[in-house]
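Residue numbers (the numbering used here): 111 to 547. First comes the structure, then the notes that go with it.
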Ligand code: XLS
Ligand code: NI
Ligand code: NI
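Okay, here's the thing in structure tokens:
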């Protein structure tokens, strides 16, 4: 059975095409900076948005029908989602998918039954993977939706809930390993707090670390060789989330000795909620050797929540790809943690959304490669720090200088000249010039 009978395989037709069901920039085999686009851009479909979410928001119910011809909440529906998902990925040439445990099966009241369902569906997914060559990018456990997680999972005040979370992590790891997932994500959904009047922050953070340590130990024991990821987010659903941003999460991982097993999964919309640019959180992760994977979406600067929009802003995708190229690529991939706007409710809209996102990243890749090849920006940055290349600057860099020595140097100098101009506007001209030619 076909779930998208009116949608053909999406071809690459180039920038002059007006066919809405064709790529304008994503040309999988085109060589960019030494390798095919598809290797630079391991795209993934997010099971939850694409196959589960129907547009329900605080004010209204679903607009999109994601039943795929089956009764929701049944295993038949879970299987229909698998079939629809693989047809969708194949038609777009998407190589990976990401999932939460409860995206792929309906959760039962008894975890033993949920786990049995997970075994059944993962057998089915595995078959489809073999048939199509599509792979699993990462798995995770949803430890924020069920009311039992109202106070978090690792950070909960209830030891019983903590154990339940541990059971979910264990099973989600089993399934991720079974499906050959490259990574395992911890997005700390409700790992945070609403008020300090009822919260022991230190206690909660220690418990989160303990859960992660157990996950690493268990994961390695069953042969998981990939990366664990923290996906930082500053707020929503909790007012304060512990993994505020990349810098905070990296500090946490180092404090608890988890930094060898974990990297960052940076989501564009989460970085901007933290008051950063997407590029900022990518850079902070990269310079710490922790840029692992990306949740490819965008937010709305006028709205203060996680709108999870499909990437459209080519400035952002360009600067993202600039960071990724400079970091030598990702060990993970680009997961479209994004959803159609509620009024875009048709099946065709799902394809338009992915075409938009994949094209925006392909264009970003092309432009970022040109920025690097052009060399003016990197050359400017290198020049900007040239005073550290020799003399007293080189001594500072090598760590040999003392405060007394520098003070004596400064006194002999009188007053330093102004540092060279930052030339921001000139550099922005270069970016626009490359972007629009
Ligand atoms: C929510 C998160 C979530 C994670 C996976 O804001 O982005 O979707 O990616 O749990
Ligand atoms: Ni998000
Ligand atoms: Ni995400």
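Ideal Cβ positions, reconstructed from N, Cα and C, are used throughout, including at glycine.
{"Item": "Residues around ligand 5, please: the condition is that the C-beta lies closer than 6 Å to some non-hydrogen atom of it.", "Value": "Questions concerning ligand 5 fall outside what the structure shown contains, since the ligands it does hold are ligand 1, ligand 2 and ligand 3."}
{"Item": "For residue 554, name the three-state secondary structure that DSSP assigns.", "Value": "Nothing can be reported for residue 554, as the shown portion of the chain is limited to 111 through 547."}
{"Item": "Residues in its own chain within less than 6 Å of residue 174 by CB, not counting five upstream and five downstream?", "Value": "164, 165, 455"}
{"Item": "Under 8 Å, with one C-beta from each stretch per pair, do the stretch 292 to 300 and the stretch 338 to 348 reach the 3-pair mark?", "Value": "yes"}
{"Item": "Can you check whether the CB of residue 431 is closer than 8 Å to the CB of residue 356?", "Value": "no"}
{"Item": "Within a Cβ cutoff of 7 Å, which residues of the same chain sit near residue 119, ignoring the five residues on either side of it in sequence?", "Value": "201"}
{"Item": "Roughly how many angstroms lie between the CA atoms of residue 457 and residue 130, to the nearest whole one?", "Value": "13 Å"}
{"Item": "May I ask you to check if the CB of residue 250 is nearer than 7 Å to at least one heavy atom of ligand 1?", "Value": "yes"}
{"Item": "Within the stretch 315 to 394, note down every full beta strand (DSSP E) run reaching 3 residues or more, in order along the chain.", "Value": "337 to 340, 372 to 377"}
{"Item": "Taking only the alpha-carbon atoms, compute the straight-line gap between residue 543 and residue 251 and give it to the nearest angstrom.", "Value": "44 Å"}
{"Item": "On the premise that residue 285 lies in contact with residue 232, defined as a C-beta separation below 8 Å, what is that separation, rounded to the nearest angstrom?", "Value": "5 Å"}
{"Item": "Entirely within the stretch 390 to 423 and at least 3 residues each: give me those beta strand (DSSP E) ranges in chain order.", "Value": "401 to 405"}
{"Item": "Which of helix, strand or coil does DSSP assign to residue 142?", "Value": "strand"}
{"Item": "Can you determine whether any heavy atom of ligand 1 sits closer than 7 Å to the C-beta of residue 405, and answer yes or no?", "Value": "yes"}
{"Item": "Hey, which unbroken runs of the alpha helix (DSSP H) at 4 residues or more fall wholly within the stretch 259 to 326?", "Value": "269 to 288"}
{"Item": "Cβ atoms of residue 405 and residue 376: under 8 Å apart, would you say?", "Value": "yes"}
{"Item": "Tell me where the beta strand (DSSP E) around residue 445 begins and ends.", "Value": "444 to 446"}
{"Item": "Kindly indicate the opening and closing residues of the beta strand (DSSP E) around residue 549.", "Value": "Nothing can be reported for residue 549: it is not among the residues displayed for the chain, which extend from 111 to 547."}
{"Item": "Is residue 194 closer than 8 Å to residue 113 when the C-beta atoms are compared?", "Value": "yes"}
{"Item": "Which residue marks the beginning of the alpha helix (DSSP H) containing residue 539, and which one marks its end?", "Value": "534 to 545"}
{"Item": "So does residue 297 have its beta carbon nearer than 7 Å to some heavy atom of ligand 3?", "Value": "yes"}
{"Item": "Indicate the three-state DSSP secondary structure (helix, strand or coil) for residue 167 in the structure shown.", "Value": "strand"}
{"Item": "Assuming the contact rule is C-beta atoms closer than 8 Å, residue 162 and residue 176 should be a hit. Round their C-beta distance to whole Å, please.", "Value": "6 Å"}
{"Item": "Could you work out which residue in 438, 278, 399 is closest to residue 482 when comparing CA atoms only?", "Value": "438"}
{"Item": "Is residue 341 near ligand 1, with its Cβ less than 7 Å from a heavy atom?", "Value": "yes"}
{"Item": "Closest to residue 381 by CA distance: which of 371, 366, 417 is it?", "Value": "417"}
{"Item": "Reducing DSSP to helix, strand and coil, say where residue 490 ends up.", "Value": "helix"}
{"Item": "Between the stretch 309 to 329 and the stretch 421 to 431, do three or more beta carbon pairs fall short of 8 Å?", "Value": "no"}
{"Item": "Measure the CB-CB distance between residue 266 and residue 196 and report whether it falls below 8 Å.", "Value": "no"}
{"Item": "Starting from the Cα of residue 280, find the closest Cα among 324, 257, 300, 137 and give me that residue.", "Value": "324"}
{"Item": "Measuring CB to CB, does residue 449 end up less than 8 Å from residue 210?", "Value": "no"}
{"Item": "From the DSSP output, read off the bridge partner residues of residue 209.", "Value": "249"}
{"Item": "In this structure, how does DSSP classify residue 113 when only helix, strand and coil are distinguished?", "Value": "coil"}
{"Item": "Using only the heavy atoms of ligand 1, determine whether one of them is closer than 7 Å to the beta carbon of residue 210.", "Value": "yes"}
{"Item": "Taking contact to mean at least 3 C-beta pairs separated by less than 8 Å, is the stretch 457 to 477 in contact with the stretch 127 to 147?", "Value": "yes"}
{"Item": "Is the beta carbon of residue 442 less than 8 Å from the beta carbon of residue 402?", "Value": "yes"}
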